[in-house]
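Structure record follows, encoded as structure tokens.
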Amino acid sequence: MRMLTRKSLLLSCLIFIYLITFLIKAEPDYPLHVCHNDSIYDSKYDTNLDVALSSLLVSDSGYGYFNSSAGQGADRANVICLCRGDVENNMCQSCFKDAVYRLRSACLNQTGGVLYYEFCLLKYSNAEILGTNDMKRDFFTSVDENTFPDKKQFNEILYPFMNKLRDKASAGSSLLKFAMDNTAGLGSDTLYGLPQCIPTLTEAQCNDCLEYAINQMSSCCDGRVGVVILMARCNIRYELYEFSINSAILPPPSSVRSSPGKKLSRRRIEPYVIIPTLSTIVIAFLWIFMVFKRKRTPVKEDNNVDISTIESLQYNFRTIKAATNDFSESNKLGEGGFGSVYRGNLLNGQEIAVKRLSNDSKQGETEFKNEVMLVAKLQHRNLVRFLGFSLEGTERLLVYELMPNASLDNFIFDPNKDALFDWNTRSRIIKGVDGGLLYLHEDSRLRIIHRDLKASNVLLDEEMNPKIADFGMARLFNHQETQGCTKRIVGTYGYMPPEYIMHGQFSVKSDVFSFGVLMLEIITGQKNQCFKIKERSEFLLSYAWKSWRDETASGMIDPVLIVESSSLQEIMRAIHIALLCVQNNVDERPTMASVLHMLNSPSLPLQLPYEPAFFITSSSTIASGSDHYNQRSCHSSGKDASISTIVAR
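Counting with the working numbering, you get residues 846 to 1494 for the letters of the sequence shown.
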């Protein structure tokens, strides 16, 4: 009852915030859009436009500018997105995603369109996207309803100020042409200004565009208290209030006082004042309620996990013990450094896979429960589904869905089974694994670095769809972290990148490296540490690099694949992409989002790969830069540990 009351109160507060926000929401200045139909619209352009839009985030310049194209000739789709220079990355991406949806809906079956938001613009076209005609065709203004009584005196302050900002923005780099500043206005007013250009414009082009916009103020907006002029190539804005999202880039004014007799537009003020105020009141009320409740409810010592939130996932240990026939050897599916995996059958007939963690684990009960709660939140079609856990004494069990076709290595490395894998199946598995990693890296609530992606950790369902396993037991990092360092190296040699083996450094690019190795294994049907060619064995990455360099890479393709000309082209492209993933330099490796885009866009040009990590320079050593480590035997075996790393978003 207490839990129900708490949830009901929280829900009521959220509804209250939503209703208040809706009732007082001011008339929006944005979005504004215009559609262009410059030529006959066809399905090829539509497909290219979807590809260009879907890959736009991958093209991030790092400063809020995105530029992407897809297709050729008249069907080529060109897309740009520009966020205001003071907008944070998460707000920028949110603005972009909403703009894509709105513009595609508003300009359905049109070959071009532009949409302006408060914080970003989006434009697409089948023509050159930044033509000079954009300045007139895509011209928008938004003005304050109030006017200065003495326009001449105000203009004597405004135009020198905006021209100074114009020069500053035009002189910006090819990554950011943006300026923001303030100056003393009339009386006690403070004047705030902002110009911005598409960063790929030259200094002269940016200057011309901003000059054109500033000149328009005299005809459209003379003496107005606030003005916004938007064009696809550039935009300007001035106000009598601070509109910066990131105030750190805006110098503090010498004095900020209200201007008597000059009332700003109410529609500009309300969203910035009323909504935050009401939200603060509600949040304060919730905080007081939680403090009061905490004082009334005793806190359990040595347990910061509310077991009631995961109790529905907890199995009785005796139930799992019976389901696995007392963890019998006949039910064992595999073994690793983490412990053993067993097949099980519950009383309701459901088949399960049970991971029994090693008894020598130093993990405590609270830590284990925390990790279970994290794993339970991960849901993706290319991740093995987590069903629950069991905890009794030193026994710690993880329960997953059972994959009927076991793991990928049972097929691609078995000469009696790999013939069942045609290229379409292997390609689908590659893209599925990519999708699973992309979810772990970018789309889940948590940023997860797998650190042990390999063929045996990719399971297959009844339709041969891939499911990544062993992504669960993990460490939680600070919000700001995207990489880490460890003294305890765990994983599987051959799949681990050099920076991890030699220095303990890991990041999302570690998984990219492992994915590249896995791709080559899927294509060749051979293990990465004992690629057999004729009468000798070589390290797979070394052989792949030399074959690609010597233009003989077709000779490394699994001979059981019936290679048609179209399939051969796809496979050769996949080898190229895999080599990009296993490059020695971490920064040169693509992200999983980029890899998926390259796999799905056969016409997209690919960069040339550099020499991969662990390129064999002799028969006994594998080189990576100036460091070496002994090459393991093709027949070596051992208990390879699996561990993942989670970084909180």
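Ideal placement from N, C-alpha and C gives every residue a C-beta, glycine not left out.
Alpha-carbon to alpha-carbon, residue j and residue i
| i | j | result |
| --- | --- | --- |
| Pro1005 | Ser1063 | 14 angstroms |
| Ser1399 | Ala915 | 27 angstroms |
| Cys1079 | Tyr961 | 12 angstroms |
| Tyr1245 | Asn1261 | 28 angstroms |
| Glu973 | Tyr1057 | 20 angstroms |
| Ala1049 | Leu1039 | 18 angstroms |
| Arg1069 | Thr986 | 12 angstroms |
| Glu1415 | Gln1159 | 46 angstroms |
| Cys928 | Leu966 | 7 angstroms |
| Arg947 | Val879 | 12 angstroms |
| Val945 | Ala1016 | 30 angstroms |
| Glu1237 | Ser1157 | 16 angstroms |
| Pro994 | Asn1060 | 21 angstroms |
| Thr1270 | Met1309 | 8 angstroms |
| Gly1179 | Pro1311 | 18 angstroms |
| Ile1367 | Asp1263 | 10 angstroms |
| Asn893 | Lys1022 | 29 angstroms |
| Lys1177 | Tyr1187 | 4 angstroms |
| Lys1332 | Lys1299 | At Lys1332 the pLDDT is 47, less than 50, meaning the model places this residue with poor confidence; the figure from the coordinates comes in the next sentence. Lys1332 and Lys1299: Cα-Cα distance of roughly 22 angstroms. |
| Ser1235 | Glu1174 | 20 angstroms |
| Gly958 | Leu1242 | 55 angstroms |
| Gln1350 | Ser906 | 25 angstroms |
| Thr1035 | Tyr1086 | 7 angstroms |
| His881 | Leu953 | 10 angstroms |
Nonlocal neighbours in the same chain, by C-beta distance under 8 angstroms from residue i, ignoring five residues either side
| i | result |
| --- | --- |
| Lys889 | Gly916 and Asp920 |
| Gln1452 | Leu1425 |
| Ser1446 | Val896, Ser900 and Ala915 |
| Met1025 | Gly930, Asp931, Leu1010, Tyr1037, Gly1038, Leu1039, Ser1089, Ile1094 and Leu1095 |
| Phe964 | Cys928, Arg929, Val932, Met936, Cys937, Cys940 and Ile1090 |
| Tyr1455 | Gln1428, Asn1429, Asn1430 and Glu1433 |
| Asp1279 | Phe1360, Met1437, Val1440, Leu1441 and Leu1444 |
| Lys1166 | Phe1172 |
| Glu1307 | Pro1249 and Asn1250 |
Counted within 10 angstroms of its Cβ, other Cβ atoms place residue i as buried (16 or more) or exposed
| i | result |
| --- | --- |
| Arg1082 | buried |
| His1442 | buried |
| Asn1373 | buried |
| Glu1084 | buried |
| Gln1195 | exposed |
| Pro1105 | Only weak support is given to the placement of Pro1105: the predicted model assigns it a pLDDT of 32, under 50, and the question is left unresolved by the model. |
| Lys1222 | exposed |
| Val1405 | exposed |
| Lys1108 | Note that Lys1108 scores 34 on pLDDT, short of 50, meaning its location in the model is unreliable and no value can be drawn from it. |
| His1348 | exposed |
| Asn934 | exposed |
| Gln1428 | buried |
| Gly918 | exposed |
| Lys997 | exposed |
Residues near residue i in its chain [Cβ-Cβ closer than 7 angstroms; skip 5 each side]
| i | result |
| --- | --- |
| Ser1355 | Ile1294, Arg1296, Pro1342 and Tyr1345 |
| Ser1412 | Trp1268 |
| Thr1397 | none |
| Asp1403 | Asp1263, Ile1368, Thr1369 and Gly1370 |
The beta strand (DSSP E) enclosing residue i, as first and last residue numbers
| i | result |
| --- | --- |
| Ala915 | Tyr910 to Ala915 |
| Val1070 | It is not in any beta strand (DSSP E) - Val1070 carries neither H nor E in the DSSP assignment. |
| Gln1041 | Thr1035 to Cys1042 |
| Glu1240 | Glu1240 to Glu1246 |
| Ile1294 | Leu1291 to Ile1294 |
| Glu933 | Neither: Glu933 is in no beta strand (DSSP E) and is coded neither H nor E. |
| Ser1235 | Phe1231 to Glu1237 |
| Asp1026 | Asp1026 to Ala1029 |
Residue i: first and last residue of the uninterrupted alpha helix (DSSP H) it sits in
| i | result |
| --- | --- |
| Ile1257 | Asp1254 to Ile1257 |
| Gln1350 | Careful: Gln1350 lies outside any alpha helix (DSSP H), inside the beta strand (DSSP E) at Gln1350 to Ser1352. |
| Arg1273 | Trp1268 to Leu1283 |
| Phe999 | Lys996 to Ser1015 |
| Asn893 | Ser888 to Ser899 |
| Lys1372 | Here Lys1372 belongs to no alpha helix (DSSP H), and DSSP marks it neither H nor E. |
| Leu1385 | Leu1385 to Arg1394 |
Other residues of its chain near residue i: CB distance less than 6 angstroms, five sequence neighbours each side excluded
| i | result |
| --- | --- |
| Leu1365 | Leu1385, Ala1389 and Ala1423 |
| Ser1252 | Ser1301 and Leu1304 |
| Gly1189 | Ala1168, Thr1169, Ile1197 and Val1199 |
| Cys1065 | Thr986 |
| Cys1051 | Ser1015, Lys1022 and Cys1042 |
beta-carbon residue i near the ligand NAD non-hydrogen atom, thresh 6 angstroms
| i | result |
| --- | --- |
| Val1072 | Among the components modelled here there is no ligand, and therefore nothing to report on the ligand NAD. |
Those runs of the alpha helix (DSSP H) which lie wholly inside the segment 1164-1224 and span at least 4 residues: 1210-1221
Ranges of the alpha helix (DSSP H) found wholly within the segment 1411-1465, counting only runs of at least 4: 1437-1445
Start-end ranges of the beta strand (DSSP E) lying completely within the segment 936-991, minimum 3 residues: 957-961, 965-970 and 985-988
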